[in-house]
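Anchor point for the sequence shown: position 74 equals 168 in the numbering used here, and the numbering is continuous, going up by one each time. Note that CB positions come from ideal geometry on N, CA and C, so glycine has one too. Shown next, in structure tokens, is the structure this report addresses.
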Amino acid sequence: PDWIDRLYSEWIDSRQIEAFEKNVADTDVTRAAYEQVRQDIKHLLRLRDTVAARTQGPIRLLDFGCGDGRYLRLAETLQFESVGVDFSTSRKDRAEGTGVRIFPDLGSVSRASPGAFHAITLFETLEHLVHPRETLEALTRLLEPGGVMIVTVPDCRTPIPPTTLTEFHNVHPLEHLNCFTPATLTRFVESVGLVPMSRKPAHVTTRLKDVLRTEASRFWQPKTTTLYARKPAENGASNA
Numbered sequence: 095p096d097w098i099d100r101l102y103s104e105w106i107d108s109r110q111i112e113a114f115e116k117n118v119a120d121t122d123v124t125r126a127a128y129e130q131v132r133q134d135i136k137h138l139l140r141l142r143d144t145v146a147a148r149t150q151g152p153i154r155l156l157d158f159g160c161g162d163g164r165y166l167r168l169a170e171t172l173q174f175e176s177v178g179v180d181f182s183t184s185r186k187d188r189a190e191g192t193g194v195r196i197f198p199d200l201g202s203v204s205r206a207s208p209g210a211f212h213a214i215t216l217f218e219t220l221e222h223l224v225h226p227r228e229t230l231e232a233l234t235r236l237l238e239p240g241g242v243m244i245v246t247v248p249d250c251r252t253p254i255p256p257t258t259l260t261e262f263h264n265v266h267p268l269e270h271l272n273c274f275t276p277a278t279l280t281r282f283v284e285s286v287g288l289v290p291m292s293r294k295p296a297h298v299t300t301r302l303k304d305v306l307r308t309e310a311s312r313f314w315q316p317k318t319t320t321l322y323a324r325k326p327a328e329n330g331a332s333n334a
């Protein structure tokens, strides 16, 4: 819809995001940025470990709601063949000259980069969409059988007045049109035919705290609004 295009191109563009971040304590921004990059690398390492055995060439990745392409650039360094989709013209302009390919819609992606994707990511995107189910169905069709989708959304189990940058990003009355909990996100993803799967351990740092937390995930993974799901293989097996 026109109002969505206007929202992300005029009302909430990259300049306003930068202005907001300048008003937040430097330590808060730095901590959030570090944690974001750490999690991004974990996602990519898990995808590479999970999908690599299914393909002889590079892993084809689509990042839907990619912003200025930061995740795409990181994926390229790990030899992924990546493309992105984002509605915001200002964020696409911000990515000019970085070498990443960002398209305005899925139709443009299919024309420029035909074929199924081994992996699709939607980081903090579903909550913004006017038609989230139709979008998820379309993305599932672009995912190859046995391919993996990663979906993350804010956890809306207990909305509270935000006191940190992370909490601020959980609820945006103007931007966030949909709210999810771990249970509703799981049901939503299952409704389009995807099968939730456990996350593989992925070590990014050698800090003792990080190593212990990562190894503990082999035995226990709390229910969160970060969900990995696989498209069933053509023989009906999920290969989870």
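Per DSSP, reduced to three states, the secondary structure at Leu288 is coil, with no helix or strand assignment.
Between the alpha carbons of Ala323 and Arg293 lies a gap of roughly 9 angstroms.
Contact check for Phe174 against Leu200 fails: the beta carbons are separated by 7 angstroms or more. Ile196 sits in a strand when the DSSP states are folded into three classes. Closest in C-alpha terms to Glu221, from the list Val245, Gly151, Val286, Gly193, comes Val245. DSSP places Ala232 in the helix class (H, G or I) of the three-state scheme. Shown here, Phe282 sits in a helix according to DSSP, grouped into three states. One thing to note: Arg148 has its Cβ within 7 angstroms of the Cβ of Gly240.
In its chain, beyond the 5 residues on either side, Thr308, Ser311, Arg312 have a beta carbon closer than 6 angstroms to the beta carbon of Pro295.
When the Cα atoms are used, Arg195 and Gly178 turn out to be separated by approximately 6 angstroms. One Cα belongs to Ala206, the other to Leu139, and the distance between them is close to 26 angstroms. If you look at Ala296, you'll find it isn't in any alpha helix (DSSP H); DSSP assigns it neither H nor E.
Going by DSSP, Arg324 is part of the beta strand (DSSP E) stretching over 320–324. Exposed is the label assigned to Gly151, since fewer than 16 other Cβ atoms lie within 10 Å of its Cβ. Arg301 sits exposed, since fewer than 16 C-beta atoms from the chains shown fall within 10 Å of its C-beta.
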